[in-house]
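This report concerns only the one structure given below.
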Amino acid sequence: MNNAVVAVNDFFWSYFLIPLLIVLAVYFTVRSGVVQLRLLPEMFRVLGSAPGVAPDGRREISSFQAFSISAASRVGTGNIVGVSTAIILGGPGAVFWMWTMAAVLGAAAFVESTLAQLYKVRTSTGFRGGPAYYMEKGLGRRWMGVLFAVIITVTFSLVFNTVQANSIAAAVSTSVGALGGTPGLPLSAVIGLVLAGLTALVIFGGVRRIAHAAQALVPLMAVLYILIGLWVVALNIGELPRVVGDIFASAFGAREFVAGGVGTAIVQGMRRGMFSNEAGLGSAPNAGATASVSHPAKQGLVQTLGVYFDTWLVCSVTAFIVLVSGPEYGDDRGIQVTQGALEASLGGWSVHALTIILFLLAFTSVLGNYYYGETNLQFLDSSPQHMTYFRYAVLAAVFLGSVAPLTLVWSLADISMGVMATVNLLALAPLSGIAFRLLADYSRQLRNGLDPQFTLAKMPGLRNVECWGPASGPQPEDVPRGEGEAPPDPGAVAEERGRDGERSDPGEAESHGATAVDEAADADRSDGDDGPEEGDRGSDTER
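Numbering (the UniProt record's numbering), first residue to last: 1 to 543.
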């Protein structure tokens, strides 16, 4: 069975998904004016934006907390296990293609998270949103939103969580073996039970508890891992030129072209890169939609920064740990490769240190993955009883992943991730023009020295937008930058919009004669703005 899954994975990724990713990523990059690099300083500024207040009187999720939730899912086993596996299968060149695709796919991350902010919905405790919501409300295709909600719920909350649990069990087993213990199925089962119990303590506490746990743990675990990685590089500083040379030579070398190694490096780099940074996958927008911000583009920028944090920083640390140490891989796979590389440079204690770090990384990924599933289950069915069943299913997946074979869980993760990315990318293509219009509005306000704000009155032709104020009325007050806290989220006036009769029924999305894409295109044709960014007006469906 596993061989069949691997064959399907290779064909699907090599001949369909990777070409689709490259074409759309380049298109988004050009249309946005290379937003993923051009507004890099702005990404750091927006990260500190202050949140608003939810209807229940508590603070809503801030930009930094939304960043932490997505980082909790991004920064996990993909950064340690995935990168080392990519190097084993694709050679050092896989690292180069990981870096490259992170830069290009940053534009896709901006588009998907900006759209998630625009089409988010308000709940009693804050906001929810994501691809399922912009598929229904933006495209007017509820069936597509339902399909994506089912796929992401299964992929992240169940399949990906088996990967995280499997990696934790493997790391702990290696440490136990190094201490003279007996690794095996009984130990893995105990690890699975403990991990499921810890997960239950958090996921039955609500979204805010996930945000607080992630916010506290993600910076700590990332800093610890980065410091250890820098230590390894410092001890092997003489090997650094060779490692960099190997990365580029393996990515472009003539020998690799003849042997077909370049293609393998590209495929492995993109697979493991997407599993790690999730750009274009449709997962991070679920976290981005929860943030309370004054402009949808702000979360687009924040989530783009998350891609770089994950790939250029954390994944690179693993790559250099493995490559500068130069261990013999043998039959090792996954976490054992990175543990062996650390042991070669730092000694046996580092094996146990990495086990602790991986536990923190993978455990917070389990929490982030659960949240993505919860958000999309709310889209499908908000029944409290069904949510309880879902939580128990997540706990079962965590336990089963701890005792399942490594190759099986990774193969299932690859194929489910590929299907999920395909559905999301097919939705982003026609909707991306709306994100570019929002980017143009954001850029105009930046040039005028303002802290960008948005209400629907700026783009009244958009349909099914619930959380950005009325479609008519005064524009938001100009707020100069540097005055302290960011302005409150215009979504807070959604209830007032409903009282004014402006609110549209999201359940009528499929019955509208013109979808949000068509309305945006019509509004664009009458838009008189100018300038290079403003040239990106309208929908991608402009003929």
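From the three backbone atoms N, C-alpha and C, an ideal C-beta is built for every residue, glycine too.
Note on G273: 16 or more other CB atoms within 10 angstroms of its CB, so buried under the neighbour-count rule. When only Cα atoms are considered, V419 and S157 end up about 15 Å apart. The criterion of a C-beta distance shorter than 9 Å is not satisfied by S167 and V34. Closest in alpha carbon position to I228, among Y15, V314, G177, is V314. Here the segment 123 to 131 makes contact with the segment 275 to 295; the two share three or more CB pairs at distances below 8 Å.
By the Cβ-count criterion, D451 is buried, with 16 or more other Cβ atoms from all chains shown falling within 10 Å of its own Cβ.
Excluding its 5 nearest sequence neighbours in each direction, F399 has C-beta neighbours in its own chain below 6 Å: G192, A196, listed in chain order.
By the 16-neighbour rule on beta-carbons within 10 angstroms, N3 is exposed. Annotation for A404: T162, N166 place their beta carbon closer than 8 Å to its own, counting only its chain and skipping 5 residues before and after. Distances from the alpha-carbon of Y371 to those of V111, S68, S32, S14 put S68 closest.
The beta carbons of Y225 and I357 sit about 5 Å from each other, so the pair counts as a contact at 8 Å.
Under the DSSP definition of a beta bridge, R122 partners with F127. Remark: three or more beta-carbon pairs, one from each stretch, lie closer than 8 Å, so the segment 374 to 387 and the segment 140 to 160 are flagged as touching. In the same chain as R391, and ignoring 5 residues on each side of it, the C-beta atoms closer than 6 Å to its own belong to I203, in chain order. Under the DSSP assignment, Y442 falls in the alpha helix (DSSP H) whose first and last residues are 406 to 447.
Around the C-beta of T304, 16 or more other C-beta atoms lie within 10 Å, and the residue is accordingly described as buried. Within the same chain, Cβ atoms closer than 8 Å to the Cβ of Y133 are found at A116, Y119, K120, V121, G145, A289, F379, the five residues on either side in sequence being excluded.
In this structure, DSSP gives A344 a helical state, which the three-state scheme calls helix. Following the DSSP letters along the chain, one finds K298 inside the alpha helix (DSSP H) bounded by residues 296 to 308.
Between the alpha carbons of V104 and L37 lies a gap of roughly 9 Å.
Short of 7 Å from the beta carbon of T338, and not among the five residues preceding or following it, lie these beta carbons of its own chain, in chain order: I80, S84, T318, I321, V322, L354.
Sixteen is the threshold: since fewer than 16 other Cβ atoms of the shown chains lie within 10 Å of the Cβ of T388, the residue is exposed.
The beta carbon of T199 lies closer than 8 Å to those of F363, V366, L367, Y370, V394, L395, V398 in the same chain, with the five residues before and after it left out. Using a 10 angstroms sphere on the CB of G140, the tally of other CB atoms reaches 16 or more, which defines it as buried. The Cβ atoms of N277 and A102 lie closer than 9 Å to each other. Taking the Cα of I88 as reference, the smallest distance to any Cα among V111, Q336, S411 is reached at Q336. Taking the CA atoms as reference points, G461 sits about 12 Å from G138.
Looking at the DSSP output, I61 shares a beta bridge with A291.
DSSP, reduced to helix, strand and coil, places F160 within a helical segment of the structure shown.
Collapsing the DSSP output to three states places D381 in coil. In the three-state scheme derived from DSSP, where H, G and I count as helix and E and B as strand, F275 is classed as helix. In this structure, the straight-line span from the alpha carbon of T174 to that of L187 is close to 11 Å. Put simply, the backbone Cα of L40 is about 34 Å away from that of N9.
One alpha carbon belongs to G347, the other to Q385, and they sit about 50 Å apart. For A319, the uninterrupted alpha helix (DSSP H) segment begins and ends at 316 to 325.
Proximity to Y308 across V6, N464, F44 peaks at F44, based on C-alpha coordinates.
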